[in-house]
Amino acid sequence: MEHKENILGKNKLKLGIFSANCSSGMAVTKVPERWENNWDNNLKLVKQCDEAGIEFMLPIARWIGYGGETNFHGNVLETVTWAAGLVAHSKNIQVFATIHTAFNHPIVSAKQLATLDQLSGGRIGLNVVAGWNKPEYDAFGIELPSAHDKRYKMAQEWFDYVSKLWTEDEPFDWEGDFFRGKDVCSLPHPVKGQMPILNAASSEEGKNFAMRNADFLYTPMLDYDHARTTVKDVEDRAKSVGRKVGVLSFVTVVCRPTMKEAEDYLAYYADEHADWEAVDNLMTLQGMHAQSFSRDALATLRDRFAAGHGGFPLVGTPEHIANLLEKISETGVAGVALAFVDYAKEFPYFQQEVLPRLEKKGLRAAFRV
Ligand SMILES: Cc1cc2nc3c(=O)[nH]c(=O)nc-3n(C[C@H](O)[C@H](O)[C@H](O)COP(=O)(O)O)c2cc1C
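Written out as structure tokens, the structure reads:
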């Protein structure tokens, strides 16, 4: 599958929203205004983003909460059904479903996503996650393969199977290591026979999976140098197999009229009122079973996990945040997904104050419907 140019639009810096389907979003905090992931709030948010020209909405697939006082991510809207609701109430924005290859049969996922793509006029995307969270495997009664490469072998077969279901018109048999099927056929296909593909990961195997299959690797950025190195690494890997793969990352936004207000609010929600028990549970599980963050990085990132699940912090005035986004863009990162403590309340200020500054910098075009 070749890279689809401008797959998420033509803006140099693409913007999305991450994790609005999950309780507390990305902020592991006890503050009362933390994100309520109910349908009304999601609906309000998708309409705001759609009208502002934000490129995509990206959910987290989560089946078990992380405990702590708030049971962080204990309440999560399932991502395929969530995406169906969002596309029904929007016109332009691309909506991703995040799918665990271990927990979803390829025939079911292929048809669900193709159906959604048909009903949205081609506005669905797929975020493939190979899985890592042991309590979720326990919940499904499935063993988490201890070898990382085995998880990705299964993810690769899952993806190959789904891709074939999306493009074959005639029934075929599937004889793989993980899946078998006889006389399989899945119609309709996605509108363009394919859709934008993200792979959320950062291990070696994860990067290689993205190199082979995805349009974008969705991955953490520790600092600008790390982002630059990741972009170069992913581009080089992709080039070696004749493909183009971009990098998307995620950020925590606290945007206020003054630096002091922004910093005070960060200290209030992500330090004084952080749900530290949930932060530690989340970090322990990530450290044990995923390689998204190295052990050294995890040790220094506790504050960032409280503030936004490890997202790169954008804290300050609109001017400051626009400048930081420009620096991110200069690393070659193609776009970022944003998270706010209360998305729907805070997004309008970001739209009003930050988006025009990004337009002036030439990073985004003014959005007109
Ligand atoms: C930015 C980002 C987003 C992710 N989103 C999810 C998710 O929604 N659900 C999930 O189970 N895992 C998610 N993951 C975990 C990865 O998909 C992957 O299973 C995990 O990081 C282990 O793979 P890795 O060691 O190759 O990074 C995410 C990882 C990253 C880096």
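Each number in my numbering corresponds to the 1-based position in the sequence shown with 1161 added. Backbone N, C-alpha and C fix where the C-beta goes; we use that ideal spot for every residue, glycine too.
task = Could you spell out the range, first to last residue, of the beta strand (DSSP E) harbouring histidine 1261?
result = For histidine 1261, the enclosing beta strand (DSSP E) stretches over residues 1255-1261.
request  = With a 10 Å radius around its C-beta and 16 neighbouring C-beta atoms as the bar for buried, classify aspartate 1425 as buried or exposed.
outcome  = Residue burial is scored here from C-beta neighbours: aspartate 1425 has fewer than 16 other C-beta atoms within 10 angstroms and is therefore classed as exposed.
ask   = If you draw a straight line from the alpha carbon of alanine 1263 to that of methionine 1315, how long is it in whole angstroms?
value = 8 angstroms
request  = Give the DSSP-derived three-state secondary structure of valine 1248 in the structure shown.
outcome  = Reduced to three states, the DSSP call for valine 1248 is helix.
query = With distances taken between CB atoms, is the gap from alanine 1399 to methionine 1372 smaller than 8 angstroms?
reply = yes
query = Three or more C-beta pairs closer than 8 angstroms, one from the region 1439-1449 and one from the region 1292-1307: is that the case here?
reply = yes
inquiry  = Rounded to whole angstroms, what is the Cα-Cα separation between glutamine 1513 and serine 1251?
reply    = 20 angstroms
query = For threonine 1419, which of helix, strand or coil comes out of DSSP?
reply = coil
inquiry  = Let me check you understand the geometry: is the CB of proline 1306 closer than 7 angstroms to at least one non-hydrogen atom of ligand 1?
reply    = no
ask   = Which one of Tyr1313, Gly1235 and Asn1288 has the shortest CA to CA distance from alanine 1199?
value = Inspection of the sequence shows that residue 1199 is occupied by asparagine rather than by alanine. It is Gly1235.
Local conformation of glutamate 1438 per DSSP, three classes = Assigned with DSSP and collapsed to three states, glutamate 1438 falls in helix.
query = Below 8 angstroms between beta carbons: does that hold for glutamine 1317 and phenylalanine 1508?
reply = no
ask   = Apart from the five residues on each side of it in sequence, which residues of its chain come closer than 6 angstroms, Cβ to Cβ, to phenylalanine 1511?
value = Cys1416
For valine 1406 and phenylalanine 1125, believed in contact at Cβ under 8 angstroms, the rounded distance = With the chain covering only 1162 through 1530, there is no way to say anything about residue 1125.
Methionine 1110 in three-state terms, based on DSSP = Since the first residue shown for the chain is 1162 and the last is 1530, residue 1110 is missing from the structure and cannot be characterised.
task = State whether the region 1336-1355 contacts the region 1272-1290, with contact taken as three or more CB pairs (one from each stretch) at a distance under 8 angstroms.
result = Result yes; three or more Cβ-Cβ pairs closer than 8 angstroms.
inquiry  = Let me check understanding here. Comparing Cα to Cα, which of Glu1297, Asn1182, Ser1364 and Arg1529 lies closest to serine 1455?
reply    = Ser1364
Residues sharing a beta bridge with tryptophan 1335, DSSP = Gly1342
request  = State the DSSP-derived secondary structure class of methionine 1218, mapped to helix, strand or coil.
outcome  = strand
key: Inter-residue Cα distance where the pair is alanine 1531 and glutamate 1336   = Any property of residue 1531 remains undetermined from this structure, which presents the chain solely from 1162 to 1530.
query = Considering only C-alpha positions, which residue in the set Thr1390, Tyr1430 and His1434 is nearest to valine 1476?
reply = Tyr1430
query = Does the beta-carbon of aspartate 1436 have 16 or more other beta-carbons within 10 angstroms, so that it is buried, or is it exposed?
reply = buried
key: Between the CA atoms of valine 1408 and serine 1391 - distance to the nearest angstrom   = In the sequence on display, residue 1391 carries threonine and not serine. About 8 angstroms.
inquiry  = Below 7 angstroms, is the gap between the Cβ of threonine 1380 and the nearest heavy atom of ligand 1?
reply    = yes
ask   = Among Ala1300, Ile1303, Leu1305 and Thr1242, which residue has its Cα nearest to the Cα of serine 1281?
value = Of the candidates Ala1300, Ile1303, Leu1305 and Thr1242, the one whose C-alpha sits nearest the C-alpha of serine 1281 is Thr1242.
task = Under 6 angstroms Cβ to Cβ from aspartate 1334, same chain only, skipping five residues before and after it: list those, please.
result = Lys1343
message = So for valine 1476, helix, strand or coil by DSSP?
response = strand
request  = Could you pull the start and end residues of the beta strand (DSSP E) that alanine 1526 belongs to?
outcome  = Looking at the DSSP string, alanine 1526 is not in any beta strand (DSSP E), and its letter there is neither H nor E.
query = Is tyrosine 1385 near lysine 1488, with beta carbons less than 8 angstroms apart?
reply = Yes, the Cβ-Cβ distance between tyrosine 1385 and lysine 1488 is below 8 angstroms.
request  = Taking only the alpha-carbon atoms, compute the straight-line gap between phenylalanine 1501 and proline 1306 and give it to the nearest angstrom.
outcome  = 34 angstroms
ask   = So the beta strand (DSSP E) tyrosine 1379 belongs to, where does it begin and stop?
value = 1377-1379
query = Cβ of isoleucine 1168 within 7 angstroms of any heavy atom in ligand 1?
reply = no
query = Which whole-angstrom value describes the C-beta separation of leucine 1169 and valine 1497, a residue pair presumed to lie in contact below a C-beta threshold of 8 angstroms?
reply = Incorrect: roughly 12 angstroms between the Cβ atoms, too far for contact.
query = Closest by CA to alanine 1245, which one among Val1269, Ala1213, Ile1225 and Gln1279?
reply = Gln1279
request  = Closer than 6 angstroms by C-beta to valine 1440: which residues in its own chain qualify, once you throw out the five before and the five after it? Chain order, please.
outcome  = Closer than 6 angstroms at the Cβ level, and outside the excluded window around valine 1440, lie Val1189, Phe1466 and Ala1467.
key: Cβ neighbour criterion (16 or more within 10 Å) applied to lysine 1368   = buried
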